[in-house]
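Visitor: Add 1 to the 1-based position in the sequence shown for this note's numbering, that's all there is to it. Backbone N, C-alpha and C fix where the C-beta goes; we use that ideal spot for every residue, glycine too. Note that this is a predicted model, so its numbers are computed, not measured. Dropping a structure here in structure tokens format, bear with me for questions.
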Amino acid sequence: LEPRVGEIISNTDALLRLMDFVDDDNFGAVLDTAHQHAQKEILPLSVEKLGERIMYLHVADNNSRINEHKALGEGTVDWQGVFAALAKHKFGGYVAIDIGRLPDMDAAMRRSLNYLSQLLELLGIAYEL
Numbered sequence: 002l003e004p005r006v007g008e009i010i011s012n013t014d015a016l017l018r019l020m021d022f023v024d025d026d027n028f029g030a031v032l033d034t035a036h037q038h039a040q041k042e043i044l045p046l047s048v049e050k051l052g053e054r055i056m057y058l059h060v061a062d063n064n065s066r067i068n069e070h071k072a073l074g075e076g077t078v079d080w081q082g083v084f085a086a087l088a089k090h091k092f093g094g095y096v097a098i099d100i101g102r103l104p105d106m107d108a109a110m111r112r113s114l115n116y117l118s119q120l121l122e123l124l125g126i127a128y129e130l
């Protein structure tokens, strides 16, 4: 399940409470950095709370005031903190670049992929494209 701004399950703690009641190994979290950053979540703390329950990752940036899905590195998301926490919890799932409503989507996608690749190399995190 993906917590999203303006929905019943809108943040990390709401998702965790639901997980308390739905005791199923196949019930996991989709962590959407843009939605949770706009929800004023501290993203590395969200990763710490969810830990191995994160099954999929949507990455996009924003300034935490508006629920935008900008290219990575063009907002205020703490990307080093997010990916360091994910590495700590041995996240091995898929990462989807989830940008949208940008003037030149192709260029924004290339910037995001480049930013992500450089970040993962900086942190020493192995990845496959």
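1) Below 8 Å on the Cβ atoms is my guess for L73 versus V60; work out the distance and round it to an integer in Å.
2) Taking the straight line between their C-alpha atoms, what separation do you get for R102 and A108?
3) Within 10 angstroms of its Cβ, does K71 collect 16 or more other Cβ (buried), or is it exposed?
4) Measuring alpha carbon to alpha carbon, tell me which of L46, F28, V31, Y116 ends up nearest G76.
5) For L157, which residues from the same chain have a beta carbon less than 6 Å from its beta carbon, with the 5 sequence-adjacent residues on both sides left out?
6) Please go through the same chain and pick out, in chain order, the residues whose beta-carbon is closer than 7 Å to the beta-carbon of V78, but skip the five residues on each side of it.
7) Which value, in whole angstroms, describes the spacing of the CA atoms of Q119 and S11?
8) Comparing alpha-carbon positions, which option in D21, H36, N27 lies nearest P4?
9) Bridge partners for Y95 per DSSP, in chain order?
10) Check this for me: beta carbons of L123 and A85, under 8 Å apart or not?
11) What runs of the beta strand (DSSP E), each 3 residues or longer, lie entirely inside the stretch 17 to 63?
12) Could you say which of Q40, S47, Q81 lies nearest to R66 if we only look at CA atoms?
Guide: For this structure:
1) 6 Å
2) 13 Å
3) buried
4) Y116
5) The chain is shown from 2 up to 130; residue 157 falls before or after that span and cannot be answered.
6) T34, H38, L44, D62
7) 30 Å
8) H36
9) Y57
10) no
11) 30 to 33, 55 to 60
12) Q40
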